[in-house]
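According to the working numbering, the sequence shown is numbered sequentially starting from 39. No residue lacks a Cβ here, since even glycine has one placed at the ideal position from N, Cα and C.
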Amino acid sequence: MSKRGQPLFQPVRHLVSRITSHPGASRLTALFLLITVVLVALSVGYVIGTRDTQTDAAVMRQGTASALSAHIASQDDLCNTIERSELERALSQEKALSQVLNESLEAQQNALLQQQSEMNSLEDRILSALMKNYESQLISRSSGTVDNYRQEAEELIDLKKRLNQFEASEDAAEVDLADYRQSLDNRLDRIPTRWPVYGRISSGFGNRTHPVYHRPDFHPAIDIVADRGTSIRATATGYVAEASSDSSRGRYLIIDHGNGFKTVFMHCSSLKVSSGQTVEKGQVIATVGSTGTSTGPHLHYEIHLYGQPVNPVRFILE
Ligand SMILES: [Zn+2]
Numbered sequence: 039m040s041k042r043g044q045p046l047f048q049p050v051r052h053l054v055s056r057i058t059s060h061p062g063a064s065r066l067t068a069l070f071l072l073i074t075v076v077l078v079a080l081s082v083g084y085v086i087g088t089r090d091t092q093t094d095a096a097v098m099r100q101g102t103a104s105a106l107s108a109h110i111a112s113q114d115d116l117c118n119t120i121e122r123s124e125l126e127r128a129l130s131q132e133k134a135l136s137q138v139l140n141e142s143l144e145a146q147q148n149a150l151l152q153q154q155s156e157m158n159s160l161e162d163r164i165l166s167a168l169m170k171n172y173e174s175q176l177i178s179r180s181s182g183t184v185d186n187y188r189q190e191a192e193e194l195i196d197l198k199k200r201l202n203q204f205e206a207s208e209d210a211a212e213v214d215l216a217d218y219r220q221s222l223d224n225r226l227d228r229i230p231t232r233w234p235v236y237g238r239i240s241s242g243f244g245n246r247t248h249p250v251y252h253r254p255d256f257h258p259a260i261d262i263v264a265d266r267g268t269s270i271r272a273t274a275t276g277y278v279a280e281a282s283s284d285s286s287r288g289r290y291l292i293i294d295h296g297n298g299f300k301t302v303f304m305h306c307s308s309l310k311v312s313s314g315q316t317v318e319k320g321q322v323i324a325t326v327g328s329t330g331t332s333t334g335p336h337l338h339y340e341i342h343l344y345g346q347p348v349n350p351v352r353f354i355l356e
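What follows is the structure, given as structure tokens:
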């Protein structure tokens, strides 16, 4: 306590020395005062210390709360981030799926269009092939010469063959050619292209010596030898213009085909149709005989085009 060189305790030492040196004061009183001073000092220190501690706790609490809220906020952020990324992933999956579906749909549509266009082009090719010379046939029909009709008939028959071949193929199922076939048939049916009866031609078209009168004669027909009673068939569609008999022609028929053509059948043993009746190509119209001026059973068959007899052989194509 009496140590020199310690200025901090200088006032206390001074006080103590003053007390102790006071003559009226006892040492006990001085000690009491000293203890009191120390206690007061300690109390003040405690109060200050407590205050600091309380402030620290508040600060700590405050710090913890803000840390907690920051933590919650960061958790929220994390949740949001996870949620968003999951949504984005789901969305992108949906998008991908929808794109796949779209692509598939598009592919199907393209395939359908492709198929349709192939079908159309196939149909076009077939029709253009089949309809070849259709225009020229119409023109030739209006000029109506033997050559034009024959050419038309040949082309129609060729088209029909190709149509039959096509209809036997796999592609045919895809195309409906019924109308076209009907149109072909209608046109071909008006031209006398078939045999009225099958047999040997005993006398041709043109100049000859008459078999009965033995003089020069123009034969406007072909004579086809066949057994008596053999069916005679219409060589084209038309109507019966005449169904009659006389001493020269015997029982005979004249069929009008309505397009400049008429066909004549003579020396029949019987007639199966009557005047004004409609007949189809191939229909039985009479039977072979030897009526009228005839030396034996045969069919005398004529084709007239606009009133002029033409060689039937030129038209027998089927
Ligand atoms: Zn004859």
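| Asked | Found |
| --- | --- |
| 8 Å Cβ cutoff met for S313 and V278 | yes |
| Cβ-heavy atom distance, H342 to ligand 1, below 7 Å | no |
| Near ligand 1: A259 beta-carbon under 7 Å from a heavy atom | yes |
| Proximity test, S241 beta-carbon vs ligand 1 heavy atom, cut-off 7 Å | yes |
| 6 Å CB neighbourhood of G43 in its chain, flanking five on each side removed | Here G43 scores only 47 on pLDDT, less than 50, and its place in the model is too uncertain to base an answer on. |
| Cα-Cα separation between H109 and A103, rounded to whole angstroms | 9 Å |
| Of the listed residues L77, P335, D214, P230, nearest to E190 (C-alpha basis) | P230 |
| Sufficient close CB pairs (3 or more, under 8 Å) joining the region 323-342 to the region 291-308 | yes |
| Euclidean distance between Cα positions of R352 and N148 | 53 Å |
| C-alpha gap between V322 and A272, whole angstroms | 6 Å |
| Identity of the residue in R289, L226, P258 nearest L355 by Cα | L226 |
| Beta-carbon spacing of G288, A264 below 8 Å | no |
| Inside the region 198-275 only - beta strand (DSSP E) runs reaching at least 3 residues | 238-241, 244-247, 254-257, 260-263, 269-271 |
| Cβ contact (3+ pairs, closer than 8 Å) linking the region 236-253 and the region 212-223 | no |
| Short Cβ contact (8 Å threshold) for A324 with H295 | no |
| H338 CB to nearest heavy atom of ligand 1 below 7 Å | yes |
| Range covered by the beta strand (DSSP E) that runs through R289 | 288-294 |
| Span separating the alpha-carbon of P234 from that of E280 | 17 Å |
| I270 to L151 span [Cα, whole Å] | 53 Å |
| Residue(s) in a DSSP beta bridge with G327 | H336 |
| Own chain, CB closer than 7 Å to N140, minus 5 neighbours either side, in chain order | none |
| Residue span of the beta strand (DSSP E) that contains L309, given as start and end | 299-309 |
| D196 versus G182: straight-line alpha-carbon distance, rounded | 20 Å |
| Straight-line Cα distance separating D115 from A105 | 15 Å |
| Per-residue DSSP class, three states only, for Q152 | helix |
| CA-to-CA distance, V250 to G359, given in whole angstroms | This structure gives no information on residue 359, because the portion of the chain shown stretches from 39 to 356. |
| C-alpha distance - L125 paired with Q153, whole-angstrom precision | 41 Å |
| Close beta carbons around M157, own chain, < 7 Å, minus the five adjacent residues each side | E212 |
| Cβ distance (whole Å) where G330 is taken to contact D284 below 8 Å | 7 Å |
| With 16 other Cβ atoms within 10 Å as the buried cut-off, status of I120 | exposed |
| Residue range of the unbroken beta strand (DSSP E) whose run includes P347 | 346-348 |
| Sequence-distant residues of the same chain with beta carbon closer than 6 Å to S136, five excluded per side | none |
| CB contact flag (V184, V348, <8 Å) | yes |
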